[in-house]
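Chains as they are written, first to last, in the numbering used here: chain H, 3 to 892; chain D, 78 to 370. Where is the CB? At the ideal position from N, CA and C, for every residue including glycine.
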Amino acid sequence: MPGLGASLGRGAATSFQEDMQNADCILFMGSNMAEAHPVGFRFPMMARERGAKLIHVDPHFSRTSAMCNKYVPIRAGSDIAFLGGMIRYILENDRWFHEYVMAYTNAATIINEEYEDAEDLEGIFQGFDAERQSYVPEALKWHYASEAGQSKTHAAEDVKAQSFSERAGHLENPRPEVDFTLQNPRCVINILRRHYQRYTPEMVAAICGCTVEEFLDVAQTVCENSGRERTTCITYAVGWTQHSTGVQIIRAASIVQLLLGNIGRPGGGIMAMRGHASIQGSTDVPTLYELLPGYLAQPSSIRGHDDLQTYFDNEVIKTGYWANLPKFMISLLKAWYGDAATKQNDYGFGWIPRLDGNYSQLASFVRMAEGKIQGLYLFGQNPAAGAPNGKLNREALKKLKWLVVRDWFEIETASYWYKGPENPDPSTIGTEIFFMPAAGSPEKEGTFTNTQRLIQWHDKAIDPPADCRSDAWFVYNLGKRLKKLYAGSTRLRDQGLLNLTWDYESEQPQHLPDGSLSKIEGEPEVEKILKELNGYTVADGRPVRDFNELKDDGSTAAGCWIYSGVYPEEHNNRARSRRTTPGVYTSPEWGFAWPHNRRMMYNRCSADPQGKPWSERKKYIWWDEEKKKWTGVDVPDFESEKSPHYRASSDDTGMAAISGDAPFIMKPDGRGWLFAPTGVKDGPLPTHYEPLESPVANLLYKQRESPTVECYDVPLNAKNPADSEYPIVATTYRLTEHYLSGPMSRFNSWLNELQPAMFVEISHELANEKGIEHGGWLVVWNARAAIEARALVTGRLMPLHVDGRTLHQIGMPFHWGFAGETVGGIANDLTSITADANVSMHEAKAFTVNLRAGRLDPAVAMEPNAPGLWPSRDPSPDTPESDQPEGQAI
Amino acid sequence: MSEHLRQLKQQLVDDPAGFVTNFASDLIDSFEFPAAPAEQEETGFFTDTTLCIGCKACEVACKQWNQLPADGFNWTGHSYDNTVALSDTTWRHVAFIEQFDSVGHAGRWLMMSDVCKHCELAPCVEVCPTGALIYNEFGNVYVQQDICNGCANCVVACPFGVLSRNKEDGRAHKCTLCYDRQKDNLVPACAKACPTESIKFGNVAQLREDASNRVKELHERGETDAYLYGADPGGEYSALNSFFLLKDKPRVYNLPESPRRPTVHLKRNYLFSFAASLALTAASAFFFRSADR
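Set out below in structure tokens:
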């Protein structure tokens, strides 16, 4: 999440859901929190009951809108125009939190003289190379005036992936040139004013399709609920990320929150709601191609990471916390390669494969479709129904030699070879498919890391049935077999595997909670993995207390430095702790939040530059002058004994370069970045571009869409033309009743009965125009696919007035496919594979379609599975007849 | 049940003497009346619809705890409501009411988790001929499945349409207010699963007090359309131990404006029937006499 990383230093939600109860206003945009995160939504509800204003700005009126005090409809993909309008409103009406902004952001920092804004260049920033469709580092002039030139951490366009340190940015001079009188026209805040001067309420209304009054009402409410005494929280989810401009939308929200002084304060912040149970965990200890655990950069041949030294030369940021990178990297290598990692062999750095291109999921599927990938392991993924452009994904899977699918049920991705919208002929598909039954979470132990970075351990309750095994069991045993298979190899490329420490054997037979012995053989001891992630001293295997103990001399090992502290001593698994602290809502002893059990990040911002709370009402962390330390209800996200009066000098490095009033310790200057000189590849300031597929022109700039997006002009991935053929804007979303593409929910009759069929939500006006009846069938199509669904005609969808014309939007849940007890049209067949410049994200939340009444011809055969025996009619075991569940009698 | 019979039969074959002894002891047992469980404080639900986010966790939690089967997969188009009504296998049901005018952006989407009302004076209990329907020690209305004979009197007596008869076993089923959980000091499954405390479970007197405070609070906040449904007796009907806070007329939520208690009308109905029969007898006597002439 470089949107947050480039602005604030870390790419994760800044706060925690419990804290949302303290908000005075919550703005939900790009999030359908009540439906997608119903359990966490209790906290916004608590805030509402305490008098907070809840606002939902979204293309469709959802259950979240129903809970909010105010709902504003906007056109899908127009978010930056709306947020840009808010930035302008805040600046023009002098609603920004002066003391906070001047002290904690780069508002007063001066940008170099050669910088040219999108405002001057018709929607493109200085430094764009049209041929390479990219901002090229050698031509860029986005840097601070105090820097000699563009930072080395702005990677070239062919390096799709960014490291965490790159997002954080690099400065040679951590005390940049500033003008606190704000007279200099090249001050960041003055550049902001100019950049957003045309984002007037009228312009916002014309682009977004809301009314001027609706926009002003939102802007005013947010401003009124921000400042010393009050705070506003902004909440988003994949409704913001899945856009060609997703990173910049989040950047825009960061700018709003920094200007209003809402970051790092109770009831404030930006909540990035994660879409899967442990998706935060799967970026922390990543399944991503470009990252190593703890957000360290994957070594890359393009970046010239020849050895450890060149890696550090490229990646270490001189000032701020990232100066510690060598400690984390060397500890990681020690954790991976154990005794084989020595100073002489660069701790095995050479054994890590180097990146030489974009290996993100979508790029890989494009490559797979070209027949360039032979085999694939899938753990809990369902690309045949859940990934953008389902058809391309299914065709790509057919090109594989072998495929391993580990899941609970025979999902679309395990059955695409004999059923599905293309009615495939199995005899033409040469892929050998292995379906491996997987264990569910109660059938294995392990951790979840949730949206607020909280690591929570879960014990195993029962053994998985039959041949089902945990993912840990599978990977551990696969690793053991591979090591055996390659034993004795002297090839360089095998040394990483052979030297990998791989010892998670259970010391004792594993017992279930009822005292019986587990029947599973070969289950690794997962707590050993957690201990390795936490880190330990190599000499005696003693766990480290936190990441401050990690060293760069090979004497410590840590599998994921940010998790250090989760297992601070033997037999103390803090992720397992479920203690609540009476009267302390941060519950510091419930699980463990990285980093360092901080529940709220950047919480130094909750005190003023002198270290005093901004107000009694919004007290959180403050400087105790007597004890000379920071104190409060949370772990300070700051050096605990650094006085607010400490001042860094220009030649300081590491944490010494961070002054006592610089709360963003991961940024090289300790400040929140309104203007991002580095860290984002598509411009230092968020700029409104139309979605890649949009029926309207860009009213602000000549440049219509984001100039840096890769569109993958390959077969099956056609882009809809911008003419009248596809005049309707479509967006997709989740329903509470189902989970993602349905592998966990469409095989459960209790959930299927609640939402048993694919439907499309359309307005009364559009239904009339197209002759579609409520409850009848309709067909949605575009250049890539056509799907059929039931029509839910509702007042919750409404036509918008965009730039003087009526524009229709439709909404589609994306839960159905062709496997399961209920089947239906795959919304993702209509979306396309594209990649934004920062994170290779596609655009599933705004695209164009057309629709008609009726059904597909020829019909797509989609036979649902017979409902499973669920619930089982067998009596509950070990339960007397009189105590059997009531429904058992039926 | 058939399994039980089969076992008995097997026992008769395997061990006739034992069977006779058991049968005799069962017979004696049936004349013994075990002490009724000690009365507990009366419990119920207060369902505050202003806090309902329509997640249906209550429906699923209910089905899971009670091991109730799904009702079938029928997409209805009634907003997001596909289980439609309370039934023998759906004991919590979330209603969705969309209130949008055709123009403008104003509108609201009401959601309400419906359940058995556990009436203080329940018509179903009053009309049950076998005594299967009782008030248990928590004051909840409970169907004893081993006594119900499937006559369906309760089905027609309930003014809320809560009870219905199962096609498989022929008996009436409905919410038990998680009698089994309450006996173990557990909160009913639906209330436990509700993420926003829209469903509150507890001592009824306390719930009624909390509810009236809640209405006051909402009125002070300007939400003057909030009111309680069934917290107090009204017309011929008793108070409900499972009552609701609503934001629109009861019928909007598919609830009767003034529920009727069939037994109240019995005397009048019997009198009317008796009078009608007298009148008809008189009339026919008159006609036959005329015919004779």
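Let me confirm a value: W404/H is counted as buried when at least 16 other C-beta atoms fall within 10 Å, else exposed. Which label applies? Stepping through the first sequence from its first residue, residue 404/H is reached at position 402. Looking at its Cβ environment, which holds fewer than 16 other Cβ atoms inside 10 Å, W404/H is exposed.
Have a look at I113/H and E712/H and give me their C-alpha separation to the nearest angstrom. Counting from one through the first sequence, the residue named residue 113/H turns up at place 111. Counting from one through the first sequence, the residue named residue 712/H turns up at place 710. Rounded to the nearest angstrom, the two C-alpha atoms are 29 Å apart.
By Cβ distance, which residues of its chain are closer than 7 Å to P638/H, with the 5 residues on each side in sequence left out? For the purposes of this step, residue 638/H is taken as the residue at position 636 of the first sequence. Around P638/H: N605, R606, I623, W632.
Since M814/H meets chain D, which of its residues come closer than 7 Å, beta carbon to beta carbon? Position 812 of the first sequence, counting from 1, holds the residue named residue 814/H. Going along chain D, no residue has its Cβ under 7 Å from M814/H, so there is no contact; the nearest lies around 14 Å.
Any beta-carbon of chain D closer than 7 Å to the one on Q890/H? Numbered from its first residue, the first sequence carries residue 890/H at position 888. Taking Cβ atoms only, chain D reaches closer than 7 Å to Q890/H, which makes this a yes.
Proximity of A839/H and D684/H at Cβ, strictly below 7 Å: As a working note, residue 839/H is residue 837 in the first sequence. As a working note, residue 684/H is residue 682 in the first sequence. With contacts defined as CB atoms closer than 7 Å, A839/H and D684/H qualify as a contacting pair.
Between N290/D and C70/H, what straight-line distance do the alpha-carbon atoms span, to the nearest angstrom? Sequence index remark: in the second sequence, residue 290/D carries index 213 (1-based). Sequence index remark: in the first sequence, residue 70/H carries index 68 (1-based). Computed Cα separation, rounded: 22 Å.
Three-state secondary structure (DSSP) of F215/D: The residue you call residue 215/D lines up with position 138 of the second sequence. The answer is coil: DSSP assigns F215/D none of H, G, I, E or B.
Which same chain residues end up closer than 6 Å to A234/D when comparing Cβ atoms and leaving out the 5 residues on each side of it in sequence? Walking along the second sequence from the start, residue 234/D turns up at place 157. P200, C201, V204, P339, listed in sequence order.
Hey, G1/H and W625/H: beta-carbon distance below 7 Å or not? Residue 1/H lies beyond the stretch modelled for chain H, which goes from 3 to 892, so this question has no answer here.
For R232/H and D26/H, what's the separation of their Cα atoms in angstroms? Looking up residue 232/H in the first sequence gives position 230. Looking up residue 26/H in the first sequence gives position 24. Going by the C-alpha atoms only, they are around 6 Å apart.
Just mark N95/H as buried or exposed, buried being the case when its beta carbon has 16 or more other beta carbons within 10 Å. One-based indexing of the first sequence puts residue 95/H at position 93. Exposed: under 16 other Cβ atoms inside 10 Å.
Given that a residue counts as buried once 16 or more other Cβ atoms are within 10 Å of its Cβ, and exposed if not, what is A595/H? As a working mapping, residue 595/H is identified with position 593 in the first sequence. Buried.
Hey, how far is the Cα of G247/D from the Cα of A352/D? The residue given as residue 247/D occupies position 170 in the second sequence. The residue given as residue 352/D occupies position 275 in the second sequence. Those two C-alpha atoms are separated by around 36 Å.
Taking C-beta pairs closer than 7 Å, name the residues in chain D that E739/H reaches, listed in chain order. As a working note, residue 739/H is residue 737 in the first sequence. By Cβ distance, chain D contributes K133.
Output, in sequence order along the chain, the residues in the segment 29-46 of chain H whose CB is closer than 9 Å to any CB in chain D. A36, E37, P40, V41, G42, F43, R44
Does DSSP put F321/D in a helix, in a strand, or in coil? On the second sequence, residue 321/D is found 244 positions in, with the first residue counted as 1. Of the three classes helix, strand and coil, the one that applies to F321/D here is strand, per DSSP.
For S447/D, count neighbouring Cβ atoms within 10 angstroms of its own Cβ and tell me buried if that reaches 16, exposed if not. Past the boundaries of the shown model lies residue 447/D; chain D is included only from 78 to 370, so the question cannot be answered.
Below 7 Å CB to CB, which residues in the same chain sit around L89/D once its five sequence neighbours on both sides are set aside? Along the second sequence, one-based indexing puts residue 89/D at 12. Cβ neighbours of L89/D within its own chain (closer than 7 Å, five residues either side excluded): F96.
Along chain D, which residues have their Cβ under 7 Å away from the Cβ of G856/H? Taking the first residue of the first sequence as 1, we reach residue 856/H at position 854. Chain D residues near G856/H: none, gap ~17 Å exceeds 7 Å.
Any C-beta of chain H sitting closer than 7 Å to the C-beta of Q88/D? As a first step, residue 88/D is located in the second sequence; it is residue number 11 there, counting from the start. Cβ-Cβ to chain H under 7 Å: no for Q88/D.
Hey, would you say the C-beta of Y198/H is under 6 Å away from at least one heavy atom of the ligand ZN? Absence of the ligand ZN is noted for the structure shown, with no ligands found whatsoever.
So which of A141/H, L294/H, L357/H has the shortest CA-CA distance to I304/H? For this step, residue 304/H is matched to residue 302 along the first sequence. Checked all of A141/H, L294/H, L357/H; the closest Cα to I304/H is L357/H.
Same chain only: Cβ atoms within 8 Å of E883/H, ignoring 5 sequence neighbours per side: On the first sequence, position 881 is the one that residue 883/H refers to. Once the five neighbours on either side are set aside, the close Cβ partners of E883/H are P877.
What are the residues of the segment 232-248 of chain D that lie near chain H, defined by any Cβ-Cβ distance shorter than 9 Å? N243, E245, D246, R248
Measuring CB to CB, does D469/H end up less than 7 Å from P444/H? Residue 469/H sits at position 467 when you count from the first residue of the first sequence. Residue 444/H sits at position 442 when you count from the first residue of the first sequence. No; because the gap between Cβ atoms is not below 7 Å, this pair is not in contact.
V161/D and H195/D: beta carbons closer than 7 Å? Counting from 1 along the second sequence, the entry for residue 161/D is found at position 84. Counting from 1 along the second sequence, the entry for residue 195/D is found at position 118. No, they are not a contact pair.
Does the pairing of the segment 304-313 of chain D with the segment 151-170 of chain D give three or more beta-carbon distances under 8 Å? no
Which residues bound the alpha helix (DSSP H) around N143/D? Counting from one through the second sequence, the residue named residue 143/D turns up at place 66. Segment 134-143, the alpha helix (DSSP H) holding N143/D.
With 16 as the cutoff for other CB atoms within 10 Å, does P936/H come out buried or exposed? Because chain H here runs from 3 to 892, residue 936/H falls outside it and cannot be looked at.
N-terminal and C-terminal residue of the beta strand (DSSP E) that V74/H is part of: Within the first sequence, residue 74/H is the residue found at index 72, counting from 1. Element bounds for V74/H: 72-75.
Taking the continuous alpha helix (DSSP H) assigned at Y91/H, which residues delimit it? Position 89 of the first sequence, counted from the first residue, corresponds to residue 91/H. It spans 81-94 - the alpha helix (DSSP H) in which Y91/H sits, taken as one unbroken run.
Let me check one thing: in DSSP terms, what residues is P146/D bridge-paired to? Indexing the second sequence from 1 puts residue 146/D at position 69. Beta-bridge pairing links P146/D to no other residue.
In whole angstroms, what separates the C-alpha of M895/H from that of I252/H? The structure shown does not extend to residue 895/H, since chain H is modelled only from 3 through 892, so no value can be given for it.
Residue burial classification, A147/H (beta-carbon count within 10 angstroms, cutoff 16): The residue given as residue 147/H occupies position 145 in the first sequence. A147/H should be labelled buried.
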